[in-house]
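This report refers to the structure that appears directly beneath it.
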Amino acid sequence: MPKVKTNRVKYPEGWELIEPTLRELDAKMREAETDSHDGKRKCETLWPIFKVSHQRSRYVYDLYYRREEISKELYEFCLDQGYADRSLIAKWKKSGYERLCCLRCIQPRDHNYGTTCVCRVPKHLREEKVVECVHCGCQGCASGD
Amino acid sequence: MAHRILRDHEADGWERSDFPIICESCLGDNPYVRMTKADYDKECKICTRPFTVFRWRPGRNARYKKTEICQTCCKLKNVCQVCLLDLEYGLPVQVRDTALNISTHDSIPKSDVNREYFAEEHDRKTRAGLDYESSFGKMRPNDTILKLQRTTPYYKRNQAHVCSFYIRGECTRGAECPYRHEMPETGELSQQNIKDRYYGVNDPVAMKLLGKAGEMGTLESPEDESIKTLYIGGLNSRILEQDIRDQFYAYGEVESIRILAEKACAFVTYTTREGAEKAAQELSNRLVVNGQRLKLTWGRPQAPRPDQDGSNQQGSVAHSGLLPRAVISQQHNQPPPMQYYMHPPPPNQDKPYYPSMDPQRMGAVISTQEAGGSSTSENSGASSSSYMMPPPQPYPPPPYGYMPSPYQQQYPPNHHHPGPMHHYGPPPAAYQYPQQPGPGSRPPPPASVVSAPTPDSAPTGSGAPSVSSQEPPAQ
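Protein chains in written order, with the UniProt record's numbering: chain A, 1 to 145; chain B, 1 to 475.
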């Protein structure tokens, strides 16, 4: 993931408009990576990583699919350069997964009984109202709520 | 411990099984249970051999439970794999062994290689189908153990553990914390050790239970020397007078036997006090007639009936009045006091109507009802007394004039005061009638309770005098 402007990478037009936000998000990610683990549970230390990654991908996705402010070329460029997660965005395009938090939460192999994470359950169907899913700290990513 | 590398399942004596051996309480209240099975997932807490771990959630408000000991160990002591309590009685190993006088204790080695060898040998024999000397199937139940046993499943033990961060005041998880935010119980009972519990040695819960068992076994003789009558409860129509006579004639000359079919009880009167005492002593926990287990206590002389408006309980217990009050109330509590859909309709008023017969009352402590239910507590202040149909007057006050009503006022409706030992009936908080014993037929339980409300009844001092003034002259 290039953080430094090198000469080899050719930035398509429109890049200057989105660059500051992307750099900010990168910085946030760097911060999440280097945060100390004190006072946090073992799983909790990873949550900011997932959160920032979601946020970043969300930004790019929104720009292209929702607001349509960048070109396809620029969008592909972002994906290639690692500013957004391609597979996560692929999920967002599906109905019912528009707000998916991370890819781990829908992976049945990662869960007992081959189910998905509790954060995927809509709030009105759950018994416990406040949850933080153990993978990414998500508090509910069902499309309904 | 030996370092375990799986080479060959059979040879190493690692255990595999298909379904856990667990008790009802540990399985939970939900008829649908999803369970994971993991072969050789953990080592048995007793014999440290790897075994198949099953993990499930016993109900909605429960934590996940898993099997803690292997099936070999569990079969050796006939206990549940999770809670290590006996499968049949729900009692700790020590209690069951003492009560039934069996001792598997010595034959099981407890240390190191010896133990592993024994467990493996045992396992091998079982798998080979050889009959080992398990005597658990042939044990005959004893009265003591029948009294001690747990009859309904106890789901409180499936609750989540106490949040250790909360204890220190540091729980940052807040609402989503799955652990209980309560202070832990302290005291002797909280220092339990799984090995002690399994081998039946030095188990604090067991000691407590055995202590209780020792005390409750004795049926004390009443102070009133003239009482020669024993009350028998739990009768059914198949039990004839002759059957009762057969049981009781051996202890002394029987003056009379009176059976009251509608109350499912009988009274046996001896000509001599000694005969009655002997019978009580011998049969007190062991009375079985025609296969039916019966309850035996001392009878109580009929109290002089005070004049009361409303239906008169005491009088309408017309049979012989030898019924201890506590027992009357108990009888009516026999139908399980649970809020099920099909309540029998309240009986019509020509039969005696006890407050305890109203199924709505049973344990359901609703504020209006409860306040109204403390019928003689005119001091209830709340107008709920008028709201209730004229509540039948309770029994005349017990000898020491203790009324539970002022006591009840002090507590929020749903508080069930733990109170004294409740061998003889439901907790006092919900009910109006006093749980008082017949003179001396029980160890004085409310004595401790009497002292408790006296500081409390000071504020309702106005109430108390009014209560007592209403009451008919004591007997």
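Glycine is no exception: its CB is placed at the ideal position from the N, C-alpha and C atoms.
Remember, it's a predicted structure, so these values are computed and weren't measured experimentally.
Could you tell me whether the Cβ atoms of GLN94/B and ALA213/B are closer together than 9 Å?
-> Reading the second sequence from its first residue, position 94 is the one you call residue 94/B. Reading the second sequence from its first residue, position 213 is the one you call residue 213/B. Taking 9 Å as the Cβ cut-off, GLN94/B and ALA213/B do not qualify as a contacting pair.
GLY174/B at chain A interface by Cβ criterion, 9 Å | Counted from its first residue, the second sequence places residue 174/B at position 174. By this cut-off, GLY174/B is an interface position.
Is it true that the stretch 115-132 of chain B meets the stretch 16-25 of chain B, where meeting means three or more beta-carbon pairs spaced less than 8 Å apart?
-> The stretch 115-132 of chain B, when compared against the stretch 16-25 of chain B, does not touch it at the 8 Å Cβ threshold.
Contact between the stretch 27-45 of chain B and the stretch 61-75 of chain B: three or more CB pairs below 8 Å?
-> Contact holds: three or more Cβ-Cβ distances are below 8 Å.
List the whole-angstrom C-beta distance separating THR229/B from GLU253/B, where the pair is believed to meet the contact cut-off of C-beta under 8 Å.
-> Residue 229/B sits at position 229 when you count from the first residue of the second sequence. Residue 253/B sits at position 253 when you count from the first residue of the second sequence. Not a contact, Cβ separation roughly 14 Å.
ASP203/B burial status per 10 Å Cβ neighbour count (16 or more: buried) = Stepping through the second sequence from its first residue, residue 203/B is reached at position 203. Looking at its Cβ environment, which holds 16 or more other Cβ atoms inside 10 Å, ASP203/B is buried.
If CYS73/B sits next to CYS44/B, beta carbons under 8 Å apart, how far is it from one beta carbon to the other, in whole angstroms?
-> Taking the first residue of the second sequence as position 1, residue 73/B is located at position 73. Taking the first residue of the second sequence as position 1, residue 44/B is located at position 44. That pair is a contact at about 6 Å.
Can ILE70/A and LEU25/A be called in contact, C-beta distance under 9 Å?
-> Residue 70/A sits at position 70 when you count from the first residue of the first sequence. Residue 25/A sits at position 25 when you count from the first residue of the first sequence. It is not a contact, given that the beta carbons lie outside the stated cut-off.
Would you check if there are 3 or more beta carbon pairs closer than 8 Å linking the stretch 230-240 of chain B to the stretch 283-302 of chain B?
-> Remark: three or more beta-carbon pairs, one from each stretch, lie closer than 8 Å, so the stretch 230-240 of chain B and the stretch 283-302 of chain B are flagged as touching.
Applying a beta-carbon distance threshold of less than 8 Å, which residues of chain B neighbour VAL131/A?
-> Taking the first residue of the first sequence as 1, we reach residue 131/A at position 131. Under the 8 Å cutoff, chain B gives GLU176.
Output the residue ranges of the beta strand (DSSP E) runs that lie fully inside the stretch 6-76 of chain B and measure 3 residues or longer, sorted by chain position.
-> Counting only runs of 3 or more, we get 35-43, 50-56.
The stretch 59-89 of chain B: which residues have C-beta closer than 8 Å to a C-beta of chain A, in chain order?
-> Of all residues in the stretch 59-89 of chain B, only ARG60 place a beta-carbon less than 8 Å from a beta-carbon of chain A.
Please state whether DSSP places GLN159/B in a helix, a strand or coil.
-> Residue 159/B sits at position 159 when you count from the first residue of the second sequence. In the three-state reduction of the DSSP assignment, GLN159/B falls in the coil class, being assigned neither a helical nor a strand state.
Candidates LEU91/B, SER107/B, THR297/B, ARG55/B: closest to ALA266/B by CA position = For the purposes of this step, residue 266/B is taken as the residue at position 266 of the second sequence. When only C-alpha atoms are compared, the closest one is THR297/B.
Whole-number beta carbon distance between LEU100/A and CYS141/A, since they are thought to touch under 8 Å = Within the first sequence, numbered from 1, the residue matching residue 141/A stands at position 141. Within the first sequence, numbered from 1, the residue matching residue 100/A stands at position 100. Rounded to the nearest angstrom, the Cβ distance from CYS141/A to LEU100/A is 6 Å, consistent with a contact under 8 Å.
How is the beta strand (DSSP E) around ALA266/B delimited, first residue to last?
-> In the second sequence, residue 266/B corresponds to position 266, counting from 1. For ALA266/B, the enclosing beta strand (DSSP E) has its first and last residue at 265-270.
Contact residues within the stretch 33-50 of chain B, judged by C-beta distance below 8 Å to chain A | Within the stretch 33-50 of chain B, contact with chain A at the beta-carbon level (separation under 8 Å) is assigned to ARG34, THR36.
Within 10 angstroms of its Cβ, does ASN78/B collect 16 or more other Cβ (buried), or is it exposed?
-> In the second sequence, the residue the question calls residue 78/B occupies position 78. Per the 10 Å Cβ criterion, buried.
Answer with yes or no whether the minimum CB distance from GLY39/A to chain B is below 9 Å.
-> Position 39 of the first sequence holds residue 39/A. Chain B places a beta carbon closer than 9 Å to that of GLY39/A, counting this residue as a contact.
Using the C-alpha atoms, what's the distance from ARG115/B back to ILE108/B?
-> Within the second sequence, the letter at position 108 stands for residue 108/B. Within the second sequence, the letter at position 115 stands for residue 115/B. One alpha carbon belongs to ILE108/B, the other to ARG115/B, and they sit about 7 Å apart.
Run of the alpha helix (DSSP H) containing TYR117/B, from where it starts to where it stops = Locating residue 117/B in the second sequence gives position 117, counting from the first residue. Residues 112-127.
Whole-angstrom distance between TYR179/B and GLY82/A, CA atom to CA atom | Within the first sequence, residue 82/A is the residue found at index 82, counting from 1. Within the second sequence, residue 179/B is the residue found at index 179, counting from 1. For GLY82/A and TYR179/B, the gap between their C-alpha atoms comes out near 40 Å.
Rounded to whole angstroms, what's the CA-CA distance from TYR32/B to ALA99/B? Just pull it up for me.
-> In the second sequence, the residue the question calls residue 32/B occupies position 32. In the second sequence, the residue the question calls residue 99/B occupies position 99. Whole-angstrom Cα-Cα distance: 35 Å.
Say whether chain B places a C-beta atom closer than 9 Å to the C-beta of TYR113/A.
-> For the purposes of this step, residue 113/A is taken as the residue at position 113 of the first sequence. The Cβ of TYR113/A sits closer than 9 Å to at least one Cβ of chain B.
Can ASP35/A and PRO20/A be called in contact, C-beta distance under 9 Å?
-> Residue numbering aside, residue 35/A sits at position 35 when the first sequence is read from its first letter. Residue numbering aside, residue 20/A sits at position 20 when the first sequence is read from its first letter. The beta carbons of ASP35/A and PRO20/A sit no closer together than 9 Å.
What number of angstroms, rounded off, separates the C-alpha of VAL238/B from the C-alpha of LEU283/B?
-> The residue you call residue 238/B lines up with position 238 of the second sequence. The residue you call residue 283/B lines up with position 283 of the second sequence. Going by the sequence as given, residue 238/B is Arg instead of Val. The alpha-carbon atoms of ARG238/B and LEU283/B are separated by roughly 20 Å.
Residues near ILE257/B by beta carbon distance below 8 Å, same chain, minus five either side | Against the second sequence, residue 257/B aligns to sequence position 257. Annotation for ILE257/B: GLU241, ILE244, ARG245, PHE248, ALA266, PHE267, VAL268, THR269 place their beta carbon closer than 8 Å to its own, counting only its chain and skipping 5 residues before and after.
Straight-line CA distance for CYS138/A to ARG8/A?
-> For this step, residue 138/A is matched to residue 138 along the first sequence. For this step, residue 8/A is matched to residue 8 along the first sequence. Roughly 38 Å between the two C-alpha positions.
Cβ of THR45/A within 9 Å of Cβ of HIS37/A?
-> The sequence position of residue 45/A within the first sequence is 45, counting from 1. The sequence position of residue 37/A within the first sequence is 37, counting from 1. HIS37/A sits close to THR45/A, with the two beta carbons spaced by under 9 Å.
Around the Cβ of GLN360/B, are there at least 16 other Cβ atoms within 10 angstroms (buried) or fewer (exposed)?
-> What you label residue 360/B is simply residue 360 of the second sequence in a count that begins at 1. Under the 10 Å beta carbon count, GLN360/B is surrounded by fewer than 16 other beta carbons and is classified as exposed.
Report buried or exposed for GLY275/B, applying the criterion of at least 16 other Cβ atoms within 10 angstroms of its Cβ.
-> Here residue 275/B corresponds to residue number 275 of the second sequence, with the count starting at 1. GLY275/B should be labelled buried.
Please go through the same chain and pick out, in chain order, the residues whose beta-carbon is closer than 6 Å to the beta-carbon of LYS42/B, but skip the five residues on each side of it.
-> Here residue 42/B refers to the residue found at position 42 of the second sequence. Cβ contact annotation for LYS42/B (same chain, cutoff 6 Å, sequence separation greater than five): VAL53, in chain order.
For GLU128/A versus GLU182/B, is the C-beta spacing smaller than 9 Å?
-> Translated into the one-based positions of the first sequence, residue 128/A becomes position 128. Translated into the one-based positions of the second sequence, residue 182/B becomes position 182. In this structure, GLU128/A sits away from GLU182/B, with a CB-CB distance that is not shorter than 9 Å.
Count the C-beta pairs between the stretch 26-33 of chain A and the stretch 105-124 of chain A that are closer than 8 Å, then say yes if the count reaches three, no if not.
-> Pairwise C-beta distances place the stretch 26-33 of chain A out of contact with the stretch 105-124 of chain A, as fewer than three of them are shorter than 8 Å.
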